[in-house]
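Residue numbers (the UniProt record's numbering): 1 to 617.
Even glycine gets a Cβ: it sits at the ideal position worked out from N, Cα and C.
Quick caveat: nothing in here was measured; it's all calculated off a predicted structure.
Written out as C-alpha cells, the structure reads:
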C-alpha cells in the first residue's frame, strides 16, 4: 500500500467522521477517528485528534476530550483546539484554566482586529481539511457545530461569564460589552450585565441599524456555499444555466468556505447577465417596465425588512427595560414596562417568569404564584426561577407543589429541610438560593456557624443577592452585633429599596439603641403606611411607643390590630401596657383574654405575669 493510497483512505475516513458528527452519531465518529489515527498517525494526527476530541465533547465526556487535546503525542495547538479546550475547562468548572484559554483566544482576535482581518466569525476549515470532505454538502451551521468556525461573540460571552464567576467584575463587564458589539442579539450578555448591576442603556443596544447589519451577516453565512476546486472553473460556465433549469447547486468541498455570500452573489449576477442577456430590440422595448417592476419589488422588500427590524428592536428594548428595572429592584418601573409589551409577548413563559419575579419582590405573593403557575402550564419542564416559586408558596403557606426543602421548613422540620437543600447544593454547588435557604434553616436551628458559611458562600457567588445579606444581618442581630447587622441590612436595602421585610428589620435594629427610638418609630410608621394590615409592623411600633412612654398611643395601635383579628400576642401586649400604667384591672382582663388563646408560649408568659400581678394586689 502506497503513501498516496493511505492518504486517500484517511481523507475518506475524515469525510465519514465529519458526516457522523453532523448526524449526531458521536460513537461512530469516535470509532472512525481512532481508525484515522491508527492508519496514518503523523500527518493526519491533528485532524484525527480534533474530530475525536469534538466527538467526545459532544458526547458529554469533557475529561476525555481534554485528555485527547492535551496529552496526545504529536498534537499541535490550533485555534479550534484551543477553543474546544476552553469549553472543556469551563464545563468541568476549572475556571482559571478556562479563563487562560479564552483569554489567549481573545488576544489573538484583538491582534487580527487591528489589521482588519477579523470578523464576527473566523473559519479554520481551510487550515484543517483539504480534500477530506469532498462529496459532502456542508453548510455554515454544520461547520459551526463541529467547531471549525469560531463565533467570537460566543468566545467573549463565555469569557465574561467565567470572569464573573471568578469575581473579576470589571473584566467581565468589558467582555460582555464586546459580545454585544459582535452580536447585538446576545441575550445572555444582556441578562448577565443586568444581573451584575450594570444594565446596558436602552439607547445603546438592540438598535435597528445594528440589528439590520447583524441579520445581513447571518444571511450571508447561511448563503455561503462550498464546492471542490476542480468544479470551480466548470461552475463559472454552467452556473447560470443550472439555475435556469431548476437544478440544485451542489457544493462538495470545505476548502472554499471563505467565499462570502457577497462574492457568490456577484458571480451569480455576472453569469446570469452573460447567459440570459436579451437582444438590443428586446431591451429597448421592455427595459423600462422591467426596471420599474424590479425597483418597486426591491423598495417593497427593503421597507418590509426595515419595519420588521424596527418591530424586533422595539420589543427587545421594552423587555430589556423591564428586566433591567427588575434586576435593580425598581419593581414599579419593571411592571410598567412589562405591561407595555403586547399580550402575546406577556403570555410567553420567560416573560411570565419575569413578571412573577417582580410580584415576588413586591411581596405580592398571590399574583407572583399566579404568574409562575401560568408559565409552568405553558412549559411544564420550566426550571428557571422555580426556587423563587417555591419560596413564594412557602410565604403563602401552601403545601402543594412546594420545593422539598421549603415543604419541610413549612412544617418546622428543619433538619429534613437542611438535608434537602444540601442535596440541591450537591447537584449544583453554585445554586445561590439553595445556599441562602439552608443558611436561614441553620439560623432558625441556632447553628450560627454553618449559617454564616452558607450566607457568605451565597454572597461570593452573587454579591447582589439581598436575601443572603439579610440573612447575615439577622445572624449578627442574634449575636447582638447591631452595628454590623445594620451595615449588612443597609447594603441589602440599597439593592432592594422596596422590600418591606428589610425596612421592618431596619426598625428592629435601630430600636435596640435607646437614643434612636424616635428614628425606629418613624421607620415603623412608614412601614405601616406601606402595609397597614401587617401585624408584625404594628406590634413593633407599639413596642417602641411603649419604650418611649407613649402608652395611650401604643394601645391605640394594638386596638387597630384587633379590629381585623383576634391575636393572643396583642392581648398580652395590651396587658403589659396596662400593667405599666398601673391599671391592674385592665391588665388582668387582657392577660386573661391572652390566656384563652392557643399559643403555649403566650399562655406560660401570661401565667407568670398574672402571678406577679396577683402578688402585688
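- For residue 9, the closest of 526, 367 and 36 by C-alpha to C-alpha distance is 36.
- Between residue 420 and the set 411, 434, 429 and 412, the nearest pair of CA atoms involves 434.
- About 5 Å separates the beta carbons of residue 208 and residue 313, which is inside the 8 Å limit, making them a contact pair.
- Three or more beta-carbon pairs separated by less than 8 Å link the region 328-339 to the region 493-501, which places the two stretches in contact.
- Exposed is the label assigned to residue 566, since fewer than 16 other Cβ atoms lie within 10 Å of its Cβ.
- The distance from the Cβ of residue 13 to that of residue 54 is about 15 Å, inconsistent with a contact at the 8 Å cut-off.
- With fewer than 16 other Cβ atoms inside 10 Å of its own Cβ, residue 304 counts as exposed.
- A straight line joining the alpha-carbon of residue 171 with that of residue 459 spans about 19 Å.
- When rounded, the separation of the alpha-carbon atoms in residue 554 and residue 474 is 26 Å.
- Counting along the chain, residue 542 sits inside the alpha helix (DSSP H) bounded by residues 535-547.
- 507 is the residue among 507, 431 and 190 whose C-alpha sits nearest the C-alpha of residue 544.
- Excluding its 5 nearest sequence neighbours in each direction, residue 368 has C-beta neighbours in its own chain below 7 Å: 356, 359, 360 and 392, listed in chain order.
- With 16 or more neighbouring CB atoms inside 10 Å of its own CB, residue 573 falls in the buried class.
- Within the same chain, and ignoring the five residues on either side of residue 547 in sequence, the residues whose Cβ sits closer than 8 Å to its Cβ are 511, 514 and 517.
- Fully contained in the region 59-102 are the following alpha helix (DSSP H) runs of length 4 or more, in chain order: 62-71 and 79-91.
- In the structure shown, the three-state DSSP call for residue 160 is helix.
- Annotated three-state conformation of residue 196 is coil, per DSSP.
- Using a Cβ distance threshold of 7 Å, residue 50 and residue 81 count as a contacting pair.
- Taking a contact as a CB-CB distance under 8 Å, the pair residue 575 and residue 594 counts as one, their CB atoms being some 6 Å apart.
- A distance of 7 Å or more separates the beta carbons of residue 168 and residue 192.
- For residue 387, the enclosing alpha helix (DSSP H) stretches over residues 386-395.
- In the structure shown, residue 345 falls within a helical segment according to DSSP collapsed to helix, strand and coil.
- Counting along the chain, the unbroken alpha helix (DSSP H) around residue 472 starts and ends at 466-478.
- Per DSSP, residue 206 lies in no alpha helix (DSSP H) and is assigned neither H nor E.
- For residue 525, the enclosing alpha helix (DSSP H) begins and ends at 517-530.
- Here residue 505 has 489 as same chain residues with Cβ atoms under 6 Å from its own Cβ, once five neighbours each way along the sequence are excluded.
- In this structure, the beta-carbon distance from residue 371 to residue 382 does not fall below 7 Å.
- Less than 7 Å separates the beta-carbon of residue 509 from that of residue 485.
- Taking the C-beta atoms as reference points, residue 487 is found no nearer than 7 Å to residue 472.
- The closest CA to that of residue 396, considering only 149, 337, 364 and 203, is found on 364.
- Sequence-distant Cβ neighbours of residue 325 in its own chain, meaning closer than 7 Å and more than five residues away, are 333, 334 and 337.
- Annotation: residue 586 to residue 558 spans about 14 Å, alpha carbon to alpha carbon.
- C-alpha of residue 409 to C-alpha of residue 450: approximately 17 Å in a straight line.
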